[in-house]
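The sequence shown stops at residue 817 when you use our numbering, and every number in between is there. Data first, discussion second: the structure below is written as structure tokens.
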Amino acid sequence: MKQQATGADAFAPFQQALSEGWTQALESLQQSAVQGASAFNGGGTPLWQLPPGAKLPELPKVSIAPEKLQAIQQQYMAEATELWRRGLDARPEGDRRFAGEAWGSNPLAAFSAAVYLLNGRTLLSMAEAIDADEKTKARMRFAVEQWMAAASPSNSLAFNAEAQKKAIDTQGESIAKGIQNLLHDMKQGHLSMTDESAFEVGRNVATTEGAVVFENELFQLLEYKPLTAKVYERPFLLVPPCINKFYILDLQPENSLIRYANEQGHRVFVVSWRNPDESLANATWDDYIENAAIKAIHLVQEIGGSKQINALGFCVGGTILSTALAVLAARGEKPAASVTLLTTFLDFSDTGILDIFVDEAMVAYREMQLGKGGLLPGMDLASTFSFLRPNDLVWNYVVGNYLKGETPPPFDLLYWNSDATNLPGPFYAWYLRNTYHENKLAKPNALTVCGEKIDLGKIDIPAYIYGSREDHIVPIGGAYASTQLLPGKKRFVMGASGHIAGVINPPAKKKRSHWIREDGKFPKTHAEWLAGATEHPGSWWTDWAQWLKGHAGKQVLAPKAYGNGKAYKAIEPAPGRYVKARA
């Protein structure tokens, strides 16, 4: 009995610490929830910096039902007690960050990781148990996930068993190399995700042969050399997102959508957006529609000698393209025989995780900051998107580059991902309010663009709409929602994987499945559509290529020169100067 009493006495301080820690965690979680309305205003912008007259957000009302809280607390105490009893024999399980052999052979590191995982699970359970509106709950989940990613013991040399072992094995060389990597990244202004010295735009990425045939202050129009003796009479225009470089569509010959379209017999044109500098600090959404998207459509009509073209928009490029087609429809023009939309928002009702960043206060702040002019730095956008997947796109490289002194291997996709682009402030502020915040593009005649009322219902042409199943930028439900807005004959296809890997999926790789519903029905929700869809192995590209040929017209002899006679001559070889400008 005396031994049992002594054991209980020894355990008492730990129980008290658990209770105090639990209370502090609950208070911290509640405080975070109350501050949630301001925590995401432009990346944590204080409310006192909001413009005069801006409406302050109401503080969210949060609570946790006592029975839920008690159940979580009991679970936490039980698991923590078991960890304490196991002591240095405890092992972190179910997380690949701690799966290495070094973690298993270092008891202190393993115990710290196990405690960290317990705390993380508990905080997530508390965030899920909160009674609040969905946006507040989403913000709480996001905040907890960010904390979990940042607070991992794997991010610290004092606890990272693998980094410690490597430092010993290399006699400190890995630490010295890590410091060099850190200084290098500080100098270049961003975290290295790949060996950027291995790539050069125009040398080993963006290498499909072509020429610039037009340029203005917003974009260059690229025309690509035909790869077939004959081409379809209707030329094909691709509009990529302006928040990224176009060469995601032309990384390498084997995974280039541009080259693939060329090989299918299309005369291919691509918009290469200029990376904005101060000279474009006042550019607006209307400028991008009238002087870029509409200008490119008319140029391709003229150069291709065809009354109608086929057009493709990717991500924001699809939103821009659709807006341009709606403006032209309001003017009585029908320049496109078909439109392809890849991971594109037209209806912004379901924007997924990005919704947590957008509210009236945040939008008003951005309008005050950038609405009258200025540039949104490209690295701000890049950082936002990276922190949507912090373990994979941030802390993984912090650990590898700095703690282990490793140089990330060459990877063309991550090189492109690090090649950021700026955005003109007025363009960004307009886009933020009218799409993400107020969803006016989906409402007929709610917006006036380039002097015309916008009604997507007037884009009465065949549409091929693609969404990626695991997309965290344009959730599959958001991509599918376009089927409810466009009135023409439609084909919707869902691909496996995410925003980029799902799109850039060449047939030769024989990777990933896609889903098609052949009955032509488009129920209100994606879930209903999927219930009647059939899975097909491999890339969706072949299905799209067959569909596009049906709208491309007859075949004619391929042109022997770029442009159209004297009017549009080759200015410089593809990929052109604009895409090489760094933010």
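Just so it is clear, CB atoms sit at the ideal spot from N, CA and C, and this is done for glycine as well.
query = What is the rounded straight-line gap between the Cα of V637 and the Cα of C549?
reply = Reading off the sequence shown, one finds Leu at residue 637, where the question assumed Val. Going from the Cα of L637 to the Cα of C549 covers about 36 angstroms.
query = Got a sec, what are the start and stop residues for the beta strand (DSSP E) E769 sits in?
reply = T768 to P771
key: Alpha-carbon to alpha-carbon, L764 and A273   = Any reading at A273 needs caution, since the residue's pLDDT is 39, under 50, leaving its predicted position unreliable; the model's value is listed next. Roughly 36 angstroms separates the two Cα atoms.
ask   = Which residue from Q718, K794 and W381 puts its Cα closest to that of L580?
value = Ranking the options by Cα distance to L580, first place goes to Q718.
query = Contact check, P469 vs S572 under 8 angstroms by CB: the rounded distance?
reply = Rounded, the Cβ-Cβ distance is 12 angstroms, inconsistent with contact.
query = Hey, does E524 have any beta-carbon neighbour from chain C nearer than 7 angstroms?
reply = Of the chains in the structure shown, none is chain C; there is only one protein chain.
request  = Can you have a look at N340 and say buried or exposed, based on whether 16 or more other CB atoms are within 10 angstroms of its CB?
outcome  = buried
query = In or out: K399 buried (at least 16 other Cβ within 10 Å) or exposed?
reply = buried
task = Tell me whether P341 sits in a helix, a strand or coil according to DSSP, three-state version.
result = helix
task = Kindly identify the DSSP beta-bridge partner or partners of E601.
result = According to DSSP, E601 bridges with nothing at all.
inquiry  = I'd like the list of long-range same chain contacts for K803, defined as Cβ closer than 6 angstroms, with 5 residues on each side in sequence excluded.
reply    = G797
Own chain partners of Y700 with C-beta closer than 6 angstroms, once the 5 adjacent residues on each side are dropped = L576 and V727
query = What did DSSP end up calling A808 once you bin it into helix, strand or coil?
reply = coil
key: Stretch pair the segment 396-410 + the segment 446-456: three plus CB contacts closer than 8 angstroms   = no
query = Excluding the five sequence neighbours on either side, which residues of its own chain have a C-beta within less than 8 angstroms of the C-beta of L562, listed in chain order?
reply = I528, I531, K568 and P569
Close beta carbons around D484, own chain, < 6 angstroms, minus the five adjacent residues each side = A440, T442, S490 and I492
task = List the endpoints of the continuous alpha helix (DSSP H) containing S556.
result = V550 to A564
query = Exposed or buried, G729, counting other C-beta atoms within 10 Å across all chains shown (16 or more means buried)?
reply = buried
query = Can you give, in chain order, each stretch of the alpha helix (DSSP H) that sits fully within the segment 474-534 and has at least 4 residues?
reply = 491-497 and 519-522
task = Specify the secondary structure class of V378 as computed by DSSP and reduced to three states.
result = Of the three classes helix, strand and coil, the one that applies to V378 here is helix, per DSSP.
ask   = Considering only residues of the same chain and omitting the five flanking positions on each side of K814, which have a CB-CB separation below 8 angstroms?
value = V435 and G436
message = Distance check for E379 and L358, CA to CA, integer angstroms please.
response = Counting only the Cα atoms, E379 lies some 8 angstroms from L358.
request  = Give me the Cα-Cα distance between L351 and P326, rounded to the nearest whole angstrom.
outcome  = 7 angstroms
inquiry  = Can you list, in chain order, the residues of its chain with a C-beta nearer than 8 angstroms to that of Q587? Leave out the 5 residues immediately preceding and following it.
reply    = According to the sequence provided, residue 587 is Ile. The question's Gln does not apply to it. Once the five neighbours on either side are set aside, the close Cβ partners of I587 are A372, F376, L622 and H706.
Per DSSP, the bridge partner or partners of E449 = Q454
query = What's the C-alpha gap between K677 and D589?
reply = 19 angstroms
inquiry  = Quick check: the segment 640-647 against the segment 678-693, are at least 3 beta-carbon pairs closer than 8 angstroms?
reply    = no
query = If we count the other Cβ atoms within 10 Å of its Cβ and call it buried at 16 or more, is G423 buried or exposed?
reply = exposed
ask   = Do P487 and A792 have their C-beta atoms closer together than 7 angstroms?
value = no
query = Is the segment 666-673 in contact with the segment 494-512, if contact means three or more CB pairs nearer than 8 angstroms?
reply = no
key: T717 - DSSP class collapsed to helix/strand/coil   = helix
ask   = Based on the DSSP secondary-structure assignment, which residues constitute the bridge partners of Y700?
value = L576 and V727
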